[in-house]
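A.B. asks: Chains as they are written, first to last, in the working numbering: chain A, 5 to 92; chain B, -7 to 358.
Even glycine gets a Cβ: it sits at the ideal position worked out from N, Cα and C.
What follows is the structure, given as structure tokens:
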């Protein structure tokens, strides 16, 4: 089981849950599992070609994996989905 | 908000930082504001009122989270994302960057909606957004290689339906021009004859024109108007040929154009100085009206800032309501919302400190 911490902006999909536990061995499966549970959420995280959106960051155990969905996961890994900082 | 009384006017305002709804009774006094909806980093390029059932749609374009169409069936009290969103799909090389325009279908197609996107594409749903289909005959048009983006992207921003002939419709794409179908989207032909493209070596190409907005009145279905990058035009022949009607304007450059809801020969534009200077000519902000399909123009500026006004109005930034004495609403890219309840004779501020306004549209509560 891995735990995913969701951004507030996607809480309308998760009905307010800020963390979700799923069984997954890669980030790709995490996204698929999120989509299965919360239809439409994949399109927020990834574009229509399946690539992680440029201003969405996926962290695995605090390391930004730069949208690499083939990143392997192990039990108890912690994933954060966060938006990039922006300003000016 | 609770359902406003029948005949109330809704003014839907999409901005760089969310959406707003102003509403007032049929007399259009004592305006009330609801919103902002999706404030913050959610630019709303367009909001649309569906007169078939009073549903309100909003087109959100988040740089982070992508595009999404939301609907409200209770005048903005609550919002729900449509079941699915228009996408080109994995087989196409294109992917949706921004949603530009939502157009409810005709009464004869009660669950149909259209949406125009950047990169230029048209999508249709027959079930109110449960499923979407790309309009392939347009999106893969044989002239597509000759289309190019304008400063706002390569957007499909105008969708004109003809209630007299439900199989006929027009779209405007910047910078590709106007396209027409007469068989419900199965085939499309460019209809840009005699509209200029000063930015191309061939000034009168088949396609490539930078049309900014197309307007239409169902009482004269052969007539369309367009504000173009290179002029203001009218066609009397369903788009077969266009006539330059910019004479009499301080500049024929601008973005929005609208038709009076009951007078098919009355149109409004907001001239800007030039394509290099998107501000009112000489800092004098004014709406211009023609009551004779563009043969002559009159300046309407009573109540508008006529000195040192360096603001602009984007292509979706002007709308008319359907009240007995036509109301006109103009939103600026500096966050002012002006309105007139007497067909443009006098103007006043409805809001002054909104985020940059991307779109203004109206609805009448049933």
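Tell me the DSSP secondary structure of residue 56(B) in three-state form.
C.D. replies: Coil, per DSSP.
A.B. asks: So that I know if they touch, is there some Cβ in chain B lying closer than 8 Å to that of residue 13(A)?
C.D. replies: It does: the Cβ of residue 13(A) has a partner Cβ on chain B nearer than 8 Å.
A.B. asks: Between the segment 69 to 96 of chain B and chain A, which residues of the former have CB atoms less than 8 Å from a CB of the latter, in chain order?
C.D. replies: So the close ones are 73, 75, 76, 77, 79, 80, 81, 82, 87 and 88.
A.B. asks: Spatial neighbours of residue 115(B) within its chain, please: CB distance less than 6 Å, with the 5 preceding and 5 following residues excluded, ordered by chain position.
C.D. replies: Closer than 6 Å at Cβ, skipping near neighbours: 78, 107, 124 and 126.
A.B. asks: Report all residues from its chain with a CB closer than 7 Å to the CB of residue 229(B); omit the five preceding and five following residues, and keep chain order.
C.D. replies: Hits under 7 Å: 214.
A.B. asks: Exposed or buried, which one is residue 288(B) when buried takes at least 16 other CB atoms within 10 Å?
C.D. replies: Exposed, by the Cβ-count rule.
A.B. asks: Please report the distance separating the alpha-carbon of residue 20(B) from that of residue 28(A).
C.D. replies: C-alpha separation (whole angstroms): 57 Å.
A.B. asks: Inspect the beta-carbon positions of residue 60(B) and residue 36(B) and report whether they are closer than 8 Å.
C.D. replies: No, Cβ-Cβ distance for residue 60(B) and residue 36(B) is not below 8 Å.
A.B. asks: Please list, in chain order, all residues of the same chain as residue 304(B) whose beta carbon is under 7 Å from its beta carbon, the five residues on each side excluded.
C.D. replies: Answer for residue 304(B): 264, 270, 271, 324 and 325, listed in chain order.
A.B. asks: How do the segment 78 to 91 of chain A and the segment 2 to 14 of chain B stand: do at least 3 beta-carbon pairs fall below 8 Å, yes or no?
C.D. replies: The segment 78 to 91 of chain A is not in contact with the segment 2 to 14 of chain B.
A.B. asks: Where DSSP assigns a beta bridge to residue 220(B), which residues make up the other side?
C.D. replies: Bridge partners of residue 220(B): 203(B) and 223(B).
A.B. asks: Using Cβ-Cβ distances below 8 Å, what residues of the segment 69 to 88 of chain A are close to chain B?
C.D. replies: Within the segment 69 to 88 of chain A, the residues whose Cβ lies closer than 8 Å to some Cβ of chain B are 87 and 88, listed in chain order.
A.B. asks: Quick one: Cα of residue 220(B) to Cα of residue 104(B), how far?
C.D. replies: Their backbone Cα atoms lie some 28 Å apart in a straight line.
A.B. asks: From residue 54(A) to residue 144(B), what distance separates their C-alpha atoms?
C.D. replies: Near 25 Å, if we compare the C-alpha coordinates of residue 144(B) and residue 54(A).
A.B. asks: Give the secondary structure of residue 275(B) by DSSP, where H, G and I count as helix, E and B as strand, and everything else as coil.
C.D. replies: Residue 275(B) falls in the helix class under three-state DSSP.
A.B. asks: In chain order, what residues of the segment 16 to 47 of chain A put their CB closer than 9 Å to some CB of chain B?
C.D. replies: Within the segment 16 to 47 of chain A, the qualifying residues are 16, 17, 43, 44 and 47.
A.B. asks: Have a look at 235(B), 140(B) and 55(B) and flag the residue whose alpha-carbon is nearest the alpha-carbon of residue 184(B).
C.D. replies: It is 235(B).
A.B. asks: Tell me where the beta strand (DSSP E) around residue 150(B) begins and ends.
C.D. replies: Note, residue 150(B): beta strand (DSSP E), 147 to 153.
A.B. asks: Using a 10 Å radius around the Cβ and a threshold of 16 neighbouring Cβ atoms, would you call residue 190(B) buried or exposed?
C.D. replies: Residue 190(B) should be labelled exposed.
A.B. asks: Between the beta-carbon of residue 216(B) and the beta-carbon of residue 152(B), is there less than 8 Å?
C.D. replies: Yes. Within cutoff.
A.B. asks: For the alpha helix (DSSP H) containing residue 288(B), name the first residue and the last one.
C.D. replies: Looking at the DSSP string, residue 288(B) is not in any alpha helix (DSSP H), and its letter there is neither H nor E.
A.B. asks: Can you tell me where the alpha helix (DSSP H) with residue 34(A) in it begins and where it stops?
C.D. replies: Its alpha helix (DSSP H) spans residues 31 to 41.
A.B. asks: Tell me, which residues are paired with residue 263(B) by DSSP?
C.D. replies: DSSP lists 246(B) as partners of residue 263(B).
A.B. asks: Relative to the alpha-carbon of residue 174(B), which residue among 232(B), -5(B) and 200(B) has its alpha-carbon at the smallest distance?
C.D. replies: It is 232(B) whose Cα lies nearest to the Cα of residue 174(B).
A.B. asks: Does the beta-carbon of residue 205(B) have 16 or more other beta-carbons within 10 angstroms, so that it is buried, or is it exposed?
C.D. replies: Flag for residue 205(B) reads buried.
A.B. asks: For the 8 Å Cβ check, are there 3 or more pairs between the segment 80 to 96 of chain B and the segment 41 to 58 of chain A?
C.D. replies: Yes, the segment 80 to 96 of chain B is in contact with the segment 41 to 58 of chain A.
A.B. asks: Using a beta-carbon distance cut-off of less than 7 Å, what residues from the segment 52 to 66 of chain B approach chain A?
C.D. replies: Correct list: 55, 56, 57 and 58.
A.B. asks: What are the start and end residues of the beta strand (DSSP E) that includes residue 61(A)?
C.D. replies: First-last of the beta strand (DSSP E) with residue 61(A): 60 to 64.
A.B. asks: Locate the beta strand (DSSP E) running through residue 87(A), then write down its first and last residues.
C.D. replies: Residues 82 to 87.
A.B. asks: Taking C-alpha atoms, which residue in 212(B), 180(B) and 195(B) lies nearest to residue 159(B)?
C.D. replies: The shortest Cα separation from residue 159(B) among 212(B), 180(B) and 195(B) belongs to 180(B).
A.B. asks: Cutting at 7 Å between CB atoms, please list the residues of its own chain near residue 72(B), excluding the five before and the five after it.
C.D. replies: Cβ neighbours of residue 72(B) beyond the five flanking positions: 62 and 63.
A.B. asks: Over what stretch of residues does the alpha helix (DSSP H) that includes residue 40(B) continue unbroken?
C.D. replies: Segment 36 to 42 is the beta strand (DSSP E) holding residue 40(B); no alpha helix (DSSP H) there.
A.B. asks: Can you name, in chain order, every residue of its own chain whose Cβ lies under 6 Å from the Cβ of residue 154(B), other than the five neighbours on each side?
C.D. replies: Answer for residue 154(B): 160 and 213, listed in chain order.
A.B. asks: For residue 281(B), count neighbouring C-beta atoms within 10 Å of its own C-beta (all shown protein chains included) and say buried if the count is 16 or more, exposed if not.
C.D. replies: So residue 281(B) counts as buried.
A.B. asks: Can you say whether residue 308(B) is buried or exposed, counting buried as having 16 or more other CB atoms within 10 angstroms of its CB?
C.D. replies: Result: buried.
A.B. asks: Please list the partners that residue 60(A) has in chain B, where partner means a Cβ-to-Cβ separation under 7 Å.
C.D. replies: What residue 60(A) touches in chain B: 56.
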